[in-house]
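A short worksheet on the structure shown next.
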Amino acid sequence: NAGVTQTPKFQVLKTGQSMTLQCAQDMNHNSMYWYRQDPGMGLRLIYYSASEGTTDKGEVPNGYNVSRLNKREFSLRLESAAPSQTSVYFCASTGFSSGANVLTFGAGSRLTVL
Amino acid sequence: SQKIEQNSEALNIQEGKTATLTCNYTNYSPAYLQWYRQDPGRGPVFLLLIRENEKEKRKERLKVTFDTTLKQSLFHITASQPADSATYLCAPLPDTGRRALTFGSGTRLQVQP
Chain A
382 NAGVTQTPKF QVLKTGQSMT LQCAQDMNHN SMYWYRQDPG MGLRLIYYSA
432 SEGTTDKGEV PNGYNVSRLN KREFSLRLES AAPSQTSVYF CASTGFSSGA
482 NVLTFGAGSR LTVL
Chain B
1322 SQKIEQNSEA LNIQEGKTAT LTCNYTNYSP AYLQWYRQDP GRGPVFLLLI
1372 RENEKEKRKE RLKVTFDTTL KQSLFHITAS QPADSATYLC APLPDTGRRA
1422 LTFGSGTRLQ VQP
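Residue numbers (our numbering), protein chains in the order written: chain A, 382 to 495; chain B, 1322 to 1434.
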């Protein structure tokens, strides 16, 4: 029972390089999310996908793109990385508990942009 | 704009005491509020959910209160243990717009043996 799996766990990029963070969940959840976490800022929503085939912008979408490849997978792409995108990225999916949606998070991907 | 405030200073308490963490929110009325625990280097883990029509919710040594008049939730850990040391995040569900959880920045709890 893996839950939410993110890859890679660590990545160092140079400014201007591109990369894709991968996320997969095996809980048959409909909704998936990408958050970033910075010191003192808490978790901020980048993009989310309420269901397969749909994506919506969150609080801080600039510089990112997403793809909901199928029900299981939701990827986050940085087309031209900037130092401001140095952060820890968390993928999450939503299950139903106690009559409400609760998030199950992956272990995180730590990205450093030099 | 909608804002969530948690005490950014770490809370240090002695083992066996009750820890109380505060979450204040402004400019909205969440239908429910969730609390998560986050350990260093890991993703947050769901702990408890409380709805706007509930005053209090308990789970083992955990207790959450929700005061919609004060726009505040309190999170209590009774008989605290060193293993309770972690960062605790509150997440009210926005009442309009995108229906994705927004998070406070969290309060770090350190329980001393």
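Just so it is clear, CB atoms sit at the ideal spot from N, CA and C, and this is done for glycine as well.
On the CB-based measure, 16 or more other CB atoms within 10 Å of its CB, does Met422(A) come out buried or exposed? exposed
How about Tyr1353(B): is its C-beta nearer than 8 angstroms to some C-beta of chain E? No chain E appears in the structure shown, which is made up of the protein chains A and B.
Enumerated in chain order, which unbroken segments of the beta strand (DSSP E) with a length of 3 residues or greater are wholly contained in the stretch 413-491 of chain A? 423-430, 445-449, 455-459, 468-478, 481-486
If you draw a straight line from the C-alpha of Lys1384(B) to the C-alpha of Ser468(A), how long is it? 32 angstroms
Which residues does DSSP list as the beta-bridge partners of Tyr1346(B)? Ile1325(B)
Check the Cβ-Cβ distances between Met400(A) and every residue of chain B, and say whether any is below 8 angstroms. no
Just tell me which of Gly439(A), Ser430(A), Thr401(A) has its CA closest to the CA of Ser412(A). Ser430(A)
Beta-carbon proximity of Val385(A) to Gly489(A), cut-off 8 angstroms: no
Can you list the residues of chain A that Gly1425(B) reaches, using a CB-CB cut of under 8 angstroms? Gly423
Can at least three beta-carbon pairs, one atom from the stretch 382-402 of chain A and one from the stretch 1387-1402 of chain B, be found at a separation below 8 angstroms? no
Within 8 angstroms of any Cβ in chain B, is that where the Cβ of Tyr414(A) sits? yes
Keeping to the same chain, check which residues put their C-beta closer than 6 angstroms to that of Val441(A); ignore five residues upstream and five downstream. Arg425, Ile427
As a quick exercise: from Val1432(B), Pro1434(B), Gly1427(B), Gln1431(B), pick the residue whose alpha carbon is nearest that of Gly1364(B). Gly1427(B)
Under a CB-based cut-off of 8 angstroms, is Pro1365(B) close to chain A? yes
Counted within 10 angstroms of its Cβ, other Cβ atoms place Arg1379(B) as buried (16 or more) or exposed: exposed
Inspect the beta-carbon positions of Gln1335(B) and Gln1433(B) and report whether they are closer than 8 angstroms. yes
Note down, in chain order, every chain B residue with its Cβ under 7 angstroms from the Cβ of Val483(A). Gln1355, Phe1367, Leu1370
So that I know if they touch, is there some Cβ in chain B lying closer than 8 angstroms to that of Leu394(A)? no
Any beta-carbon of chain B closer than 8 angstroms to the one on Phe391(A)? no
Tell me the residue span of the beta strand (DSSP E) that contains Gln1433(B). 1428-1433
Closer than 9 angstroms at the beta carbon, the chain B residues around Leu426(A): Arg1419, Ala1421, Leu1422, Thr1423, Phe1424
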